[in-house]
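One structure is given here, and the rest of the page talks about it.
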Amino acid sequence: MEFKTLKATMKRNFIIQLRAYPKHFFIGNLLTGLYTAISAYFMYHLFFKGNMNRSFAYYAGTGDYMSFVIVGTAVYLYVVRTCLNVSRSLITELREGTLDSIMIAPFKRIQYFLGNMLQQVVTTSGEILILMLFSIPFGVNFANFNALSFIFSFIIALFSFFSLSMILACIMLYFRDTYISQNTLFALLFFLCGITFPHQYLPRNIQWISKLIPVTDAVILIRNTTLLGLGIGEQIGRIAHLLILSTVYCCIGFKLMKKIEGIALEKIHG
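Okay, so the sequence shown: first residue is 1 according to our numbering, each after it adds one.
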């Protein structure tokens with residue numbers, strides 16, 4: 001099976017990123033994660049005085065607040081970069097006047113979106129590796145890192161981010177807006193999905209909402225493999241829940257996408 005659309009999309013995106021975007025774009029995304037780590041460090045040592053409530057260790061599975069926040073921030077950066085790149089790909093084509101050409105060409109949607117996704121994963125992984133190095137002085141600890149479980153969980157997490165991006169792509173393309181929709185979603189994800197604190201601290205009715213967002217389980221899976229060293233078998237229930245939820249999101253996203261593409265083209269030529 002050939003992956004011409006996937007390869008071409010990745011190649012085009014790399015060329016655009018290297019030629020069109022200045023270096024400070026890369027630095028700006030790196031600093032976003034670093035600022036979060038720094039703010040968590042000062043909050044932990046100045047506000048909490050290095051002490052955490054017992055409930056934190058119970059919910060998080062660890063009393064290591066700094067590692068908890070840094071890993072959560074790293075996952076959040078993956079969510080933002082992958083979801084943003086994939087979801088706004090078609091509306092970018094619309095704004096650049098190339099959407100008609102794509103629709104006429106042998107357009108394989110799954111390869112097109114995966115190409116956008118994988119290109120961003122490669123770029124973001126470089127940023128995350130640098131972020132982890134800068135986070136060592138702040139006390140990040142991966143003594144219990146489970147490599148095999150992490151790789152498996154990371155692949156599933158990427159699938160969950162991809163499925164969420166398809167829903168966001170439909171919203172963006174339908175309303176022809178990126179700024180309000182993406183910033184609203186990312187703010188909600190940061191608050192609801194346990195990025196800097198366990199989601200169990202949220203009110204019970206809000207917790208149900210967070211459980212319906214794939215990012216919540218994805219963050220927990222990554223934390224469990226990097227900080228607690230849990231294996232695949234120990235998390236099989238959460239893995240199954242995340243796969244089912246992500247598959248539902250993905251199916252709904254692709255089904256809506258075909259209809260919304262038609263609506264977008266009608267608005268252009270109408």
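Using N, Cα and C, we set each Cβ at its ideal position, and we do this for glycine too.
Check, Outcome
"Inter-residue Cα distance where the pair is V140 and I239", "25 Å"
"Straight-line gap, A8 to L168 (C-alpha atoms, nearest Å)", "23 Å"
"For A143, the first and last residue of its enclosing alpha helix (DSSP H)", "A143 -> no alpha helix (DSSP H), and no H or E assigned at all."
"Touch test, the region 240-253 against the region 158-172, Cβ-Cβ under 8 Å, three pairs minimum", "yes"
"Through-space distance from L221 to C193, alpha-carbon basis", "12 Å"
"I110 beta carbon near the ligand MN (any heavy atom closer than 6 Å)", "In the structure shown, the ligand MN is absent, as is every other ligand, since no ligand is present at all."
"Inside the region 214-251 only - alpha helix (DSSP H) runs reaching at least 4 residues", "214-223"
"Which listed residue (A147, I213, L84) has its alpha carbon closest to that of N116", "L84"
"Range covered by the alpha helix (DSSP H) that runs through N85", "65-87"
"F68 versus E127, F142, S210, L114, residue with shortest Cα-Cα distance", "F142"
"As assigned by DSSP and simplified to three states, the class of P137", "helix"
"Euclidean distance between Cα positions of S55 and F162", "32 Å"
"Exposure of D64, with buried meaning 16 or more beta-carbon neighbours within 10 Å", "buried"
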